[in-house]
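A.B. asks: Dropping a structure here in structure tokens format, bear with me for questions.
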Amino acid sequence: MAEVKKRRYVVALDQGTTSSRCVIFDNNSNVVQVAQQEYKQIYPKPGWVEHDPMEIFGTQYAVLNEAIAQSGIRPYHIDAIGITNQRETTIIWDKKTGKPIYNAIVWQCRRTAPIIEQVIKDGLENYIRENTGLVPDAYFCASKIKWILDNVEGARERANDGELLFGTVDTWLIWKLTNGKVHATDYTNASRTMIYNNKNLCWDKKLCDYFDIPMCMLPEVKFSSDDYGYCEIFGEQIPICGVAGDQQSSLFGQACFNPGDVKNTYGTGCFLLMNVGKEFITSKNGLVTTIAATSDKSIQYALEGSVFIGGAVVQWLRDQMRFITEASDSEYFAQRAGDNDGVFFVPAFTGLGAPHWDMYARGTIFGLTRGTKRKHIVRAALEAICYQSLDLMEAMKKDSGIDVKELKVDGGASRNDFLMQFQSDMIEAKVKRSKIMETTALGAAYLAGLYKGTWKDIEEIKNTWQYDNEFNPLMDKESRNKLVHKWHKAVEMCKGWEKD
Ligand code: ADP
Numbered sequence: 081m082a083e084v085k086k087r088r089y090v091v092a093l094d095q096g097t098t099s100s101r102c103v104i105f106d107n108n109s110n111v112v113q114v115a116q117q118e119y120k121q122i123y124p125k126p127g128w129v130e131h132d133p134m135e136i137f138g139t140q141y142a143v144l145n146e147a148i149a150q151s152g153i154r155p156y157h158i159d160a161i162g163i164t165n166q167r168e169t170t171i172i173w174d175k176k177t178g179k180p181i182y183n184a185i186v187w188q189c190r191r192t193a194p195i196i197e198q199v200i201k202d203g204l205e206n207y208i209r210e211n212t213g214l215v216p217d218a219y220f221c222a223s224k225i226k227w228i229l230d231n232v233e234g235a236r237e238r239a240n241d242g243e244l245l246f247g248t249v250d251t252w253l254i255w256k257l258t259n260g261k262v263h264a265t266d267y268t269n270a271s272r273t274m275i276y277n278n279k280n281l282c283w284d285k286k287l288c289d290y291f292d293i294p295m296c297m298l299p300e301v302k303f304s305s306d307d308y309g310y311c312e313i314f315g316e317q318i319p320i321c322g323v324a325g326d327q328q329s330s331l332f333g334q335a336c337f338n339p340g341d342v343k344n345t346y347g348t349g350c351f352l353l354m355n356v357g358k359e360f361i362t363s364k365n366g367l368v369t370t371i372a373a374t375s376d377k378s379i380q381y382a383l384e385g386s387v388f389i390g391g392a393v394v395q396w397l398r399d400q401m402r403f404i405t406e407a408s409d410s411e412y413f414a415q416r417a418g419d420n421d422g423v424f425f426v427p428a429f430t431g432l433g434a435p436h437w438d439m440y441a442r443g444t445i446f447g448l449t450r451g452t453k454r455k456h457i458v459r460a461a462l463e464a465i466c467y468q469s470l471d472l473m474e475a476m477k478k479d480s481g482i483d484v485k486e487l488k489v490d491g492g493a494s495r496n497d498f499l500m501q502f503q504s505d506m507i508e509a510k511v512k513r514s515k516i517m518e519t520t521a522l523g524a525a526y527l528a529g530l531y532k533g534t535w536k537d538i539e540e541i542k543n544t545w546q547y548d549n550e551f552n553p554l555m556d557k558e559s560r561n562k563l564v565h566k567w568h569k570a571v572e573m574c575k576g577w578e579k580d
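One point on numbering: in my numbering, the residue at position 182 of the sequence shown is 262, and numbering is uninterrupted.
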């Protein structure tokens with residue numbers, strides 16, 4: 081007689097930039113309940129972005145309780161809690177009172193750009209690249225921690241005296257959920273702080289000294305599948321044992337466990353991550369190296385690159401140009417166009433990121449003729465999302481020396497079949513779209529459930545991982561190469577536009 085599998089559950093907390101979500105999965109990886117709350121974005125000055133840490137916790141705790149209550153699941157049927165979070169967002173709080181000493185400085189916040197300019201002037205760029213795998217930037221935590229310690233009265237003194245703690249959002253949630261018992265983070269989140277030595281796997285003394293950050297305020301760094309203490313819910317002690325930053329969590333949720341496995345998330349921007357295995361790689365093509373999530377106490381690295389304007393170009397067509405009424409209309413127009421009629425659209429609205437890196441480039445549409453119609457521009461915009469992802473993937477292949485057989489995809493815009501087919505044609509590889517759109521939450525659930533035995537091992541996960549559709553290259557090589565050639569010509573021509 082076949083063994084009847086008992087139904088077990090794992091809860092994922094997905095703390096994102098605009099909302100806190102809670103997703104409950106059963107042991108067949110099905111979503112059984114979702115709860116979500118948006119929370120306040122605080123913009124004190126142009127370019128500054130903050131969140132209230134108490135609201136981050138409050139909304140996250142509320143959706144956790146709401147999801148469990150609405151699902152009707154008994155808390156003792158929940159094996160574990162996993163946490164995934166917006167990365168780099170920085171919080172400092174008082175160890176005794178539990179009160180933050182300043183708002184969370186959000187990853188998007190540009191206030192510390194002058195600190196980074198100084199870092200570059202001081203000649204630290206290469207050291208940072210070679211030891212943290214990152215490119216010096218105000219996104220990461222280092223300059224944000226320094227800013228809070230420099231600007232909140234008495235903060236550095238209190239930090240030196242061991243009264244203050246630093247954490248990314250995962251650390252803050254763990255600390256709050258365990259009633260201040262656990263001050264820890266995982267490798268994936270630590271790898272985005274720019275004070276963690278991703279190569280040697282320790283907090284980097286030289287960088288902490290440079291940014292004047294007392295090391296006593298830093299959390300313990302653990303594996304993504306590990307013991308992070310207990311959270312009491314409805315009288316039940318539930319272990320927290322999965323933690324990963326959002327992008328690494330989605331890499332794991334996409335079952336990208338082996339070197340060469342790649343995923344791309346098509347949201348407002350696109351996030352492409354490739355598992356590159358056990359060796360730390362310093363990118364020569366403008367990508368960053370982060371630590372990937374693992375469940376077997378091993379270290380694996382990932383190369384990471386992002387497209388600044390992904391689905392956002394579709395929003396622009398809809399809201400600014402009014403070419404379409406719904407984002408999904410873009411698929412209809414692109415299909416109807418048949419081809420781009422020679423139109424190439426480089427959506428460099430905020431400059432170009434990896435691998436081109438030109439902050440002075442601006443959005444440009446090439447190849448307009450009297451025959452150009454709305455549908456061609458819509459098509460060129462969608463094609464641009466794919467060309468940009470192709471450029472990142474080519475950079476990853478060069479850095480890692482690994483060929484790519486297939487790309488796993490998720491995110492809102494991945495629902496667009498034209499986009500996925502064109503992507504497959506451009507990368508000349510299979511594109512597999514995950515059945516579960518909640519891959520970020522799923523990754524955290526897998527990490528937690530693997531620790532507790534909800535799933536036996538990653539083989540079981542690989543076998544149950546489901547895709548809803550796959551796309552294979554159909555375009556002939558010559559046509560494909562012509563398009564890619566023209567795209568690169570367009571990219572070159574829009575560079576430096578803002579520079580006089
Ligand atoms: P985020 O998490 O960044 O908010 P989502 O994963 O929710 O993003 O995806 C939303 C983005 O995807 C928007 O920029 C939207 O314009 C785009 N998008 C959504 N559906 C489609 C579609 N069918 N075709 C093209 N773009 C789409």
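All C-beta atoms, glycine included, are put in the ideal place defined by N, C-alpha and C.
Taking 7 Å as the cut-off, is the C-beta of Ala92 nearer than that to any heavy atom in ligand 1?
C.D. replies: Counting from one through the sequence shown, the residue named residue 92 turns up at place 12. Checking every heavy atom of ligand 1 against the Cβ of Ala92, none is found closer than 7 Å.
A.B. asks: Where does His436 sit, in a helix, a strand or coil, going by DSSP?
C.D. replies: Counting from one through the sequence shown, the residue named residue 436 turns up at place 356. In the structure shown, His436 sits in coil (DSSP, three-state: anything other than H, G, I, E or B).
A.B. asks: With a CB to CB cut of under 8 Å and the five nearest residues on each side skipped, what residues in its chain are close to Ile228?
C.D. replies: Looking up residue 228 in the sequence shown gives position 148. Closer than 8 Å at the Cβ level, and outside the excluded window around Ile228, lie Thr170, Ile172, Ile181, Tyr182, Ile185, Ala235.
A.B. asks: If distances are taken between C-alpha atoms only, which option among Ser223, Thr212, His131 comes closest to Asp284?
C.D. replies: Taking the sequence shown and counting its residues from 1, the one referred to as residue 284 is at position 204. Cα-wise, what sits closest to Asp284 is Thr212.
A.B. asks: Rounded to whole angstroms, how far is the Cβ of Thr520 from the Cβ of Ser329, which I believe are closer than 8 Å?
C.D. replies: The residue you call residue 520 lines up with position 440 of the sequence shown. The residue you call residue 329 lines up with position 249 of the sequence shown. Contact flag correct, Cβ pair sits at about 5 Å.
A.B. asks: Secondary structure at Thr273, three-state DSSP: helix, strand or coil?
C.D. replies: As a first step, residue 273 is located in the sequence shown; it is residue number 193 there, counting from the start. Reduced to three states, the DSSP call for Thr273 is coil.
A.B. asks: I need the straight-line Cα distance from Trp577 to Val423, nearest angstrom please.
C.D. replies: Start at 1 with the first residue of the sequence shown, and residue 577 comes out as number 497. Start at 1 with the first residue of the sequence shown, and residue 423 comes out as number 343. Cα-Cα distance, rounded: 19 Å.
A.B. asks: Distance, Cα to Cα, Glu243 vs Met297?
C.D. replies: Position 163 of the sequence shown, counting from 1, holds the residue named residue 243. Position 217 of the sequence shown, counting from 1, holds the residue named residue 297. Using only the alpha carbons, I get a separation of about 8 Å.
A.B. asks: My output table needs one value for Trp255: the three-state DSSP class, helix, strand or coil.
C.D. replies: For the purposes of this step, residue 255 is identified with residue 175 of the sequence shown, where counting begins at 1. The answer is helix: DSSP assigns Trp255 an H, G or I state.
A.B. asks: Look at the Cβ atom of Ile254, then the Cβ atom of Ile163, and state whether they are nearer than 8 Å.
C.D. replies: For the purposes of this step, residue 254 is taken as residue 174 along the sequence shown, with counting starting at 1. For the purposes of this step, residue 163 is taken as residue 83 along the sequence shown, with counting starting at 1. Cβ atoms of Ile254 and Ile163: closer than 8 Å.
A.B. asks: Per DSSP, what kind of secondary structure is Lys575 in: helix, strand or coil?
C.D. replies: Position 495 of the sequence shown holds residue 575. Of the three classes helix, strand and coil, the one that applies to Lys575 here is coil, per DSSP.
A.B. asks: Determine the direct distance from the alpha carbon of Val394 to that of Asp46, and round the result to whole angstroms.
C.D. replies: What the structure shows of the chain is the stretch from 81 to 580, and residue 46 is not part of that stretch, so it cannot be assessed.
A.B. asks: Please classify Met81: is it buried, with 16 or more other beta-carbons within 10 angstroms of its beta-carbon, or exposed?
C.D. replies: Residue mapping note: residue 81 aligns to position 1 of the sequence shown, counting from 1. Because Met81 carries a pLDDT of 43, less than 50, the predicted location of this residue cannot be relied on, and no value is offered for it.
A.B. asks: Could you compute how far the alpha carbon of Ser41 sits from the alpha carbon of Asn496?
C.D. replies: Residue 41 lies beyond the stretch modelled for the chain, which goes from 81 to 580, so this question has no answer here.
A.B. asks: Buried or exposed, going by whether 16 or more other CB atoms sit within 10 Å of the CB of Pro299?
C.D. replies: Counting from 1 along the sequence shown, the entry for residue 299 is found at position 219. Its Cβ being crowded by 16 or more others within 10 Å, Pro299 is buried.
A.B. asks: For Glu486, which of Asp217, Leu353, Thr248 has the nearest alpha-carbon?
C.D. replies: Translated into positions along the sequence shown, residue 486 becomes position 406. Answer by Cα proximity: Leu353.
A.B. asks: What is the DSSP secondary structure of Glu463, reduced to helix, strand or coil?
C.D. replies: Residue numbering aside, residue 463 sits at position 383 when the sequence shown is read from its first letter. Helix.
A.B. asks: Hey, how far is the Cα of Ser109 from the Cα of Leu522?
C.D. replies: Taking the sequence shown and counting its residues from 1, the one referred to as residue 109 is at position 29. Taking the sequence shown and counting its residues from 1, the one referred to as residue 522 is at position 442. Taking the straight line from one Cα to the other gives about 8 Å.
A.B. asks: Could you check whether the Cβ of Asn496 sits closer than 7 Å to any heavy atom belonging to ligand 1?
C.D. replies: Taking the first residue of the sequence shown as 1, we reach residue 496 at position 416. Yes, the beta carbon of Asn496 sits closer than 7 Å to at least one heavy atom of ligand 1.
A.B. asks: Sort Phe105, Lys364, Leu93 by Cα distance to Pro435 and report the nearest one.
C.D. replies: What you label residue 435 is simply residue 355 of the sequence shown in a count that begins at 1. Closest by alpha carbon: Lys364.
A.B. asks: Identify whether Glu237 lies in helix, strand or coil by the three-state DSSP scheme.
C.D. replies: Here residue 237 refers to the residue found at position 157 when the sequence shown is read from its first residue. It is helical.
A.B. asks: Hey, would you say Trp128 sits closer than 8 Å to Cys189, going by beta carbons?
C.D. replies: Taking the sequence shown and counting its residues from 1, one reaches residue 128 at position 48. Taking the sequence shown and counting its residues from 1, one reaches residue 189 at position 109. Yes, they are a contact pair.
A.B. asks: Quick check on Lys569: does DSSP put it in helix, strand or coil?
C.D. replies: Locating residue 569 in the sequence shown gives position 489, where the first residue counts as 1. Lys569: helix per DSSP, three-state reduction.
A.B. asks: Taking a contact to mean a Cβ-Cβ separation below 8 Å, would you say Thr345 touches Asp490 in this structure?
C.D. replies: By one-based count along the sequence shown, residue 345 stands at place 265. By one-based count along the sequence shown, residue 490 stands at place 410. For Thr345 and Asp490, yes; Cβs fall inside 8 Å.
A.B. asks: Please determine whether the Cβ atom of Val394 lies at a distance below 7 Å from any heavy atom of ligand 1.
C.D. replies: Within the sequence shown, the letter at position 314 stands for residue 394. Yes, Cβ of Val394 sits closer than 7 Å to a heavy atom of ligand 1.
A.B. asks: Asn206 lies in the alpha helix (DSSP H); which residues open and close that run?
C.D. replies: Residue mapping note: residue 206 aligns to position 126 of the sequence shown, counting from 1. Its alpha helix (DSSP H) spans residues 205-212.
A.B. asks: With DSSP as the reference, please indicate the residues paired to Gly431 in a beta bridge.
C.D. replies: In the sequence shown, residue 431 corresponds to position 351, counting from 1. Looking at the DSSP assignment, Gly431 forms a beta bridge with Phe429.
A.B. asks: With Phe425 and Ile404 assumed to form a contact (beta carbons below 8 Å), what rounded beta-carbon distance in angstroms separates them?
C.D. replies: Here residue 425 corresponds to residue number 345 of the sequence shown, with the count starting at 1. Here residue 404 corresponds to residue number 324 of the sequence shown, with the count starting at 1. Contact flag wrong, Cβ pair sits at about 14 Å.
A.B. asks: Does the region 369-382 come close enough to the region 318-334 to have 3 or more Cβ pairs within less than 8 Å?
C.D. replies: Verdict: yes, contact present.
A.B. asks: Output yes or no for whether 8 Å exceeds the beta carbon distance between Gly309 and Val262.
C.D. replies: As a first step, residue 309 is located in the sequence shown; it is residue number 229 there, counting from the start. As a first step, residue 262 is located in the sequence shown; it is residue number 182 there, counting from the start. Closer than 8 Å, so yes.
A.B. asks: Quick one: residues in its chain with C-beta nearer than 6 Å to the C-beta of Val90, no 5 flanking neighbours on either side, listed in chain order?
C.D. replies: Within the sequence shown, the letter at position 10 stands for residue 90. So the list reads Phe105, Asp159, Ala160, Ala525, Ala528, Gly529, Thr534, once near-sequence residues are dropped.
A.B. asks: Ala525 lies in the alpha helix (DSSP H); which residues open and close that run?
C.D. replies: Sequence index remark: in the sequence shown, residue 525 carries index 445 (1-based). It spans 519-532 - the alpha helix (DSSP H) in which Ala525 sits, taken as one unbroken run.
A.B. asks: Is it the case that the CB of Glu518 approaches a heavy atom of ligand 1 more closely than 7 Å?
C.D. replies: In the sequence shown, residue 518 corresponds to position 438, counting from 1. False, no ligand heavy atom lies under 7 Å from that Cβ.
A.B. asks: When DSSP labels each residue in this structure, what does Pro155 get in the three-state scheme?
C.D. replies: The residue labelled residue 155 in the question sits at position 75 within the sequence shown. DSSP places Pro155 in helix when its eight states are reduced to three.
A.B. asks: The beta strand (DSSP E) spanning Thr369 covers which residue range?
C.D. replies: Counting from 1 along the sequence shown, the entry for residue 369 is found at position 289. Note, Thr369: beta strand (DSSP E), 368-372.
A.B. asks: Just list the beta strand (DSSP E) runs in the region 268-329, keeping only unbroken ones of 3 residues or longer that don't cross its boundaries, in chain order.
C.D. replies: Entirely contained in the region 268-329, the beta strand (DSSP E) runs reaching 3 residues are, in chain order, 300-302, 310-313, 316-325.
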